[in-house]
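Following: one structure in structure tokens, then a few remarks.
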């Protein structure tokens, strides 16, 4: 698991409530990512971070925000959860940019259900 | 749209046989490719990668072949075992920080 811990592993929440997912790494990697995985869509990038306090949007960022106040932690927040955000969320890390031949390593995911 | 995709969504093989999983990519400028394995209930696991200046790279029981002319790569698994049953993805960077994944091929190994 490349020293990546996601918490919680499972979460059930109601529509309209805020939810925060946490990713913690022990590899001291600079880059961190949040992906969601849904049947028929594969893995899609939500947000990513290229350093402390440096974040940017991915392809499906609407309804999500992130924060990275420390190298080791990357938080994903759903400000007001909707049923369309029911998914499995994966955190990933990489030592360098993937364009510099640096693969991503993934955690084991958080299964989120919004009722 | 996606930069990478897979020819076959499912592949079933007998234990001990060799498996070949294919992937087509659309971006001719792609210069780095990664294969991942994802078992049920787990996150994608890095298997092997290859740079565009290579045609072939070997790992433990796995070989990745890259054909830049037809924008195709394949993952070969030798002597497939039941523990190899999983979904396999190829991926490539589409920008400085973003990796695009194909939807995956489900490999089933029959004992």
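Chains as they are written, first to last, in our numbering: chain A, 1 to 115; chain B, 1 to 111.
All C-beta atoms in this analysis are idealised placements derived from N, C-alpha and C, irrespective of residue type, glycine included.
{"Check": "Kindly indicate which residue of B:68, B:31, B:14, B:36 has the alpha-carbon position closest to the one of residue 92 of chain A.", "Outcome": "B:36"}
{"Check": "Please classify residue 100 of chain A: does DSSP put it in a helix, a strand, or coil?", "Outcome": "helix"}
{"Check": "Ordered along the chain, which non-local residues of its own chain (more than five positions away) have a Cβ less than 6 Å from that of residue 192 of chain B?", "Outcome": "Since the displayed chain B opens at 1 and closes at 111, residue 192 of chain B lies outside it and no answer follows."}
{"Check": "When we look at the beta-carbon of residue 26 of chain B and count the other beta-carbons within 10 Å, is it buried (16 or more) or exposed?", "Outcome": "exposed"}
{"Check": "Start and end of the beta strand (DSSP E) containing residue 54 of chain B?", "Outcome": "From DSSP, residue 54 of chain B is part of no beta strand (DSSP E); its letter is neither H nor E."}
{"Check": "Per DSSP, which residues does residue 111 of chain A bridge with? Please list them.", "Outcome": "A:10, A:88"}
{"Check": "If the cut-off is 7 Å on Cβ atoms, which residues from the segment 90–102 of chain A count as contacting chain B, listed in chain order?", "Outcome": "90, 97, 98, 99, 101"}
{"Check": "Could you give the DSSP three-state label for residue 82 of chain B: helix, strand or coil?", "Outcome": "helix"}
{"Check": "Mind checking the segment 85–103 of chain B against chain A and listing, in chain order, the residues whose C-beta falls within less than 7 Å of any C-beta there?", "Outcome": "93, 96, 97, 98, 99, 101, 102, 103"}
{"Check": "What residues are listed by DSSP as bridge partners for residue 56 of chain A?", "Outcome": "A:48"}
{"Check": "Closer than 7 Å by C-beta to residue 29 of chain A: which residues in its own chain qualify, once you throw out the five before and the five after it? Chain order, please.", "Outcome": "93, 94, 95"}
{"Check": "Quick check on residue 31 of chain B - is its C-beta less than 9 Å from some C-beta in chain A?", "Outcome": "yes"}
{"Check": "Tell me whether residue 87 of chain B is buried or exposed, calling it buried when 16 or more other Cβ atoms sit within 10 Å of its Cβ.", "Outcome": "buried"}
{"Check": "Over the uninterrupted beta strand (DSSP E) stretch that includes residue 15 of chain A, give me the two end residues.", "Outcome": "Per DSSP, residue 15 of chain A belongs to no beta strand (DSSP E) and is neither H nor E."}
{"Check": "Do you know offhand how far residue 57 of chain B's Cα is from residue 3 of chain A's?", "Outcome": "26 Å"}
{"Check": "Here's a check: name, in chain order, each residue in its chain whose Cβ is nearer than 6 Å to the Cβ of residue 26 of chain A, leaving out the five neighbours to either side.", "Outcome": "3"}
{"Check": "Would you say residue 24 of chain A lies against chain B (beta-carbon separation less than 9 Å)?", "Outcome": "no"}
{"Check": "With residue 77 of chain A and residue 89 of chain A assumed to form a contact (beta carbons below 8 Å), what rounded beta-carbon distance in angstroms separates them?", "Outcome": "11 Å between Cβ atoms; not a contact."}
{"Check": "What residues of chain B sit near residue 105 of chain A, judged by a beta carbon separation below 7 Å?", "Outcome": "46"}
{"Check": "Does the Cβ of residue 64 of chain B have 16 or more other Cβ atoms within 10 Å, making it buried, or fewer, making it exposed?", "Outcome": "buried"}
{"Check": "Could you round the C-beta distance between residue 35 of chain A and residue 44 of chain A to whole angstroms and report it? I think they count as a contact, below 8 Å.", "Outcome": "6 Å"}
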